[in-house]
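Reading through the structure tokens given below for one structure.
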Amino acid sequence: PLVLGIETSCDETGIGIVRGRTLLSNTIASSMDEHARYGGVVPEVAARAHLEELQPSIEAALAESGVALEDLDAVAVTSGPGLAGALMVGIGAAKALAVSLGKPLYAVNHLVGHIAADLLTGDEIVLPTVALLVSGGHTSLLLVRDLTTDVELLGETVDDAAGEAFDKVARLLGLPYPGGPEIDRAAATGDPNAIRFPRGLSRASDLDKHRYDFSFSGLKTAVARWTEQHDGELPVADVAASFREAVVDVLVTKALAACADYGVPRLLLGGGVIANKRLRDVALERGAAAGVTVRIPPLSLCTDNGAMIAGLAAELIASGRRPSTLEFGADSTLPVTEIQVAETVAV
Ligand code: ATP
Ligand code: MG
Ligand code: FE
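Quick note on the UniProt record's numbering: the sequence shown kicks off at 6 and runs consecutively.
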């Protein structure tokens with residue numbers, strides 16, 4: 006099916022068009038620059054930016070793919086999780102588009118969309134797979150048995166998301182927002198073993214209850230204490246490299262533990278933090294050593310985008326799922342197990 010997907014859960018206005026598992030266009034407009042001076046995403050600013058960007062982005066995506074609106078088989082939209090106001094803008098646009106075109110509408114889960122992104126790489130996705138989603142808002146470890154019916158949440162962060170930790174530690178080190186790329190740059194000349202920062206929820210006593218959960222607030226506090234104690238003579242490169250190593254180590258260790266526990270030798274990475282080269286390298290290296298195939302979609306499919314939303318809807322359609330009713334709204338805390346919301350009841 007030919008599907009247009011709309012993603013507005015955070016600061017990216019993403020419009021994607023797919024034909025089944027073939028990616029036709031993927032336009033992403035970010036309002037990041039507008040948030041940078043506030044040191045984080047401002048919900049109202051994000052919602053207004055979506056309002057301004059949606060129309061031109063839809064037009065750009067149609068032009069890029071050579072698709073006419075009338076040719077679409079369906080419209081898809083993120084219904085959650087994310088910022089309520091930002092989500093609402095995309096949902097309103099998607100409903101208007103679907104109703105005016107007389108096309109079915111699929112309201113889908115943003116997190117499952119991040120996994121569906123991997124369908125669009127052209128390589129066969131083998132299931133089941135363990136998936137690690139790491140972004141500014143989420144750090145989740147999932148077991149995906151079937152993309153349209155069976156996504157299990159194994160664990161998630163109990164406090165900050167991994168990207169959020171990068172952003173907060175960057176601020177501690179006097180680096181600008183967003184912090185991920187800045188820490189990466191600063192870490193390039195640092196020694197990752199200079200300081201042994203804590204690996205959250207990794208002690209033997211944590212592992213029965215929190216084997217697949219993450220915690221980054223203790224790490225952030227440890228970095229804060231360390232920087233205070235070394236005020237005036239702060240080796241920024243070493244702190245950045247050591248902090249990054251702690252985050253990467255715990256992410257990869259727990260993801261590979263899940264692969265081993267469930268006997269699933271496949272790990273899929275997704276989310277904006279995958280931009281971190283050290284994370285990709287360590288995952289590939291330790292994955293290979295453990296006999297686990299690690300898949301990493303291109304970054305344009307890892308950060309928030311509309312193509313993954315369209316791709317997930319195309320998959321739902323292909324498996325015979327009915328469209329959503331028009332009654333759904335934004336659900337800022339939609340659980341990952343709800344792959345599609347408001348599916349129409351068969352009559
Ligand atoms: P969500 O997808 O959960 O709604 P989001 O939109 O904030 O949240 P993304 O756009 O996927 O998430 O990713 C943004 C996050 O990725 C930011 O926290 C940013 O600091 C982080 N990030 C970007 N590049 C890097 C990098 N090279 N290393 C580490 N983190 C990075
Ligand atoms: Mg973002
Ligand atoms: Fe996301």
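We treat Cβ as the ideally placed atom computed from N, Cα and C, and that holds for glycine.
Residue state for A98 is assigned as helix, using DSSP reduced to three classes.
By the Cβ-count criterion, K282 is exposed, with fewer than 16 other Cβ atoms from all chains shown falling within 10 Å of its own Cβ. Boundaries of the alpha helix (DSSP H) harbouring R249: 241–267, taken from the DSSP string. DSSP places I188 in the uninterrupted alpha helix (DSSP H) bounded by 184–192.
A323 and S247 have their alpha carbons spaced roughly 46 Å apart. Out of G334, H143, T330, I130, the CA that lies nearest to the CA of L152 is found in I130.
For D123, the three-state secondary structure derived from DSSP is helix. Counting along the chain, the unbroken beta strand (DSSP E) around D155 starts and ends at 155–161. Between the region 196–215 and the region 264–277 there are fewer than three C-beta pairs closer than 8 Å, too few to call the two in contact. Contact check for V297 against C264 passes: the beta carbons are separated by less than 9 Å.
Note that the C-beta distance between I33 and G95 is not below 9 Å. Residue pairing by DSSP places G275 opposite L138 in a beta bridge. G19 carries a strand assignment under DSSP once its states are collapsed to helix, strand and coil.
In terms of Cα proximity to I279, the closest of L304, V255, L289, V257 is L304.
A distance criterion of 8 Å places the beta-carbon of C264 beyond contact range of ligand 1, judged by its closest non-hydrogen atom.
According to the DSSP assignment, T32 belongs to the beta strand (DSSP E) that extends over 27–35.
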